[in-house]
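A short worksheet on the structure shown next.
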Amino acid sequence: MKLSVNIAGVEFKNPIIAASGTFGFGREYNRFYDVSVLGGICTKGLTLLPREGNAGTRIAETPSGMLNAVGLQNPGADRFIREEMPFLETLNTVVIANVAGNTEDDCVALTRKICQTNVDMIELNISCPNVKEGGVAFGVCPTSVENITRKVKRACTKPLIVKLSPNVSRIADNARAAQNGGADAISLINTLTGMAIDYRTRRPVLSFTTGGLSGPAIKPVALRMTYEAYKSVSVPIIGMGGIMSAEDVLEFMIAGARAVQVGSANIFDPFASFNLVKTLTTLLKACKIEDISELTGSLKVN
Numbered sequence: 001m002k003l004s005v006n007i008a009g010v011e012f013k014n015p016i017i018a019a020s021g022t023f024g025f026g027r028e029y030n031r032f033y034d035v036s037v038l039g040g041i042c043t044k045g046l047t048l049l050p051r052e053g054n055a056g057t058r059i060a061e062t063p064s065g066m067l068n069a070v071g072l073q074n075p076g077a078d079r080f081i082r083e084e085m086p087f088l089e090t091l092n093t094v095v096i097a098n099v100a101g102n103t104e105d106d107c108v109a110l111t112r113k114i115c116q117t118n119v120d121m122i123e124l125n126i127s128c129p130n131v132k133e134g135g136v137a138f139g140v141c142p143t144s145v146e147n148i149t150r151k152v153k154r155a156c157t158k159p160l161i162v163k164l165s166p167n168v169s170r171i172a173d174n175a176r177a178a179q180n181g182g183a184d185a186i187s188l189i190n191t192l193t194g195m196a197i198d199y200r201t202r203r204p205v206l207s208f209t210t211g212g213l214s215g216p217a218i219k220p221v222a223l224r225m226t227y228e229a230y231k232s233v234s235v236p237i238i239g240m241g242g243i244m245s246a247e248d249v250l251e252f253m254i255a256g257a258r259a260v261q262v263g264s265a266n267i268f269d270p271f272a273s274f275n276l277v278k279t280l281t282t283l284l285k286a287c288k289i290e291d292i293s294e295l296t297g298s299l300k301v302n
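Numbering (the working numbering), first residue to last: 1 to 302.
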């Protein structure tokens with residue numbers, strides 16, 4: 001049975017990747033199990049300078065999901081390189097650095113700096129809805145998606161993944177824009193913008209007012225957008241959004257994903273990604289699938 005997948009020339013031992021923002025830099029989860037069993041790890045979103053993130057309440061539970069407005073809290077590029085990269089280099093798995101910035105110049109400078117390390121790939125986050133500047137603004141319209149992708153790609157010596165926002169009118173247009181700008185792969189979807197209200201105080205539950213909705217609640221939207229993107233681009237797609245089971249993984253791959261990222265499930269269960277690798281093998285055997293890559297884009301539509 002072949003579990004390995006190839007994305008932009010990078011070989012993953014299996015298609016299970018820990019998503020940015022829910023796995024830190026892998027240290028905490030490595031206390032529960034050897035995270036090298038995963039196909040890859042996508043780091044916490046990085047910025048040039050350290051960020052404290054948003055103040056106040058930053059997490060809220062919702063039916064079948066969660067809202068977060070963390071605000072890209074991270075140690076900054078220099079501390080990441082100095083303190084986190086040595087650990088990540090000991091792992092036998094693909095390391096993807098998620099990068100973000102308030103301006104295009106920030107994104108370019110950060111990418112150039114991170115590319116000097118031993119990370120395997122860069123994921124450009126142009127879709128974070130929980131910061132006041134930059135973030136989702138870059139990912140709203142196709143023109144801005146293509147422009148920032150092209151500028152970052154010129155500075156990027158690693159394969160470049162562009163992470164797309166679902167908070168747009170047509171995901172296919174933005175997927176094509178990222179490909180036209182030089183993206184080697186795309187990942188989708190980031191969180192959907194939502195909010196929660198405390199009826200007793202008549203105030204938002206989150207101090208930032210709105211937040212990013214993730215978890216099983218968004219899976220149908222994520223599947224639909226993965227399928228639409230697959231029909232529109234030729235670069236590999238990494239799907240994400242509410243993946244909780246091995247069956248979910250197969251559904252995303254059938255819709256067009258070559259690999260998946262697992263996010264909120266890691267918060268609900270620290271062993272979620274580890275268990276997905278194990279149960280995926282069992283499911284493939286039951287389905288008599290010898291090469292998992294044969295699933296990608298195999299949806300049958302009447």
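Think of the CB as a built atom: it goes at the ideal place given N, C-alpha and C, for glycine as much as any other residue.
Proximity to D184 across L3, M1, G9 and K2 peaks at G9, based on C-alpha coordinates. Judged by DSSP in its simplified three-state form, A100 adopts coil rather than helix or strand. CA-CA distance, G101 to L110, rounds to 8 Å.
In the three-state reduction of the DSSP assignment, G211 falls in the strand class.
Here L192 is bridged, per DSSP, to L213. Annotation for L160: I122, K153, A183 and D184 place their beta carbon closer than 6 Å to its own, counting only its chain and skipping 5 residues before and after. Note that the C-beta distance between R51 and N68 is not below 8 Å. Per DSSP, the beta-bridge partners of Q261 are I17 and M240.
Judged by beta-carbon spacing, T43 lies within the 8 Å limit of I96, meaning their Cβ atoms are closer than that value. With a minimum length of 4 residues, the unbroken runs of alpha helix (DSSP H) contained wholly in the region 34-113 fall at 85-88. Annotation for L124: the continuous beta strand (DSSP E) segment containing it runs M121 to N125. Around the beta carbon of P236, a 10 Å sphere encloses 16 or more other beta carbons of the protein chains shown; the residue is thus reported as buried.
Beta-bridge pairing by DSSP links I7 to V10.
Residue pairing for R203: DSSP places it in a beta bridge opposite D198. Boundaries of the alpha helix (DSSP H) around K151: P142 to A155. DSSP places I254 in the uninterrupted alpha helix (DSSP H) bounded by A246 to A255. Within the DSSP secondary-structure output, L160 pairs in a beta bridge with I122. For V221, the uninterrupted alpha helix (DSSP H) run begins and ends at K219 to Y230, by DSSP.
Taking the Cα of N266 as reference, the smallest distance to any Cα among V70, D106, P86 and G24 is reached at G24.
Secondary structure of K288 (DSSP, three-state): coil. G45 and K113 have their alpha carbons spaced roughly 14 Å apart. By the Cβ neighbour-count rule, G194 is buried, with 16 or more other Cβ atoms within 10 Å of its own. The Cβ neighbour count for E146, taken over all protein chains shown within 10 Å, is at least 16; the residue is labelled buried. I186 is bridged by DSSP to V162 and I237.
Here A175 is buried. Its C-beta has 16 or more other C-beta atoms within 10 Å. The region 138-145 and the region 165-173 touch, with no fewer than 3 CB-CB distances between them shorter than 8 Å. In the structure shown, K2 falls within a strand segment according to DSSP collapsed to helix, strand and coil. Excluding sequence positions up to five before and after L213, its CB lies within less than 8 Å of the CB of T62, G65, M66, L67, T191, L192, T193 and G194, all in the same chain and listed in chain order. Across the set Q261, F274, L250 and F87, the C-alpha of L250 shows the shortest separation from the C-alpha of C287.
Inter-residue distance for G40 and V94 is about 4 Å (C-alpha atoms, whole angstroms). Boundaries of the alpha helix (DSSP H) around E28: R27 to N30. The residue among N98, T209, R224 and T22 with its C-alpha nearest the C-alpha of I126 is N98.
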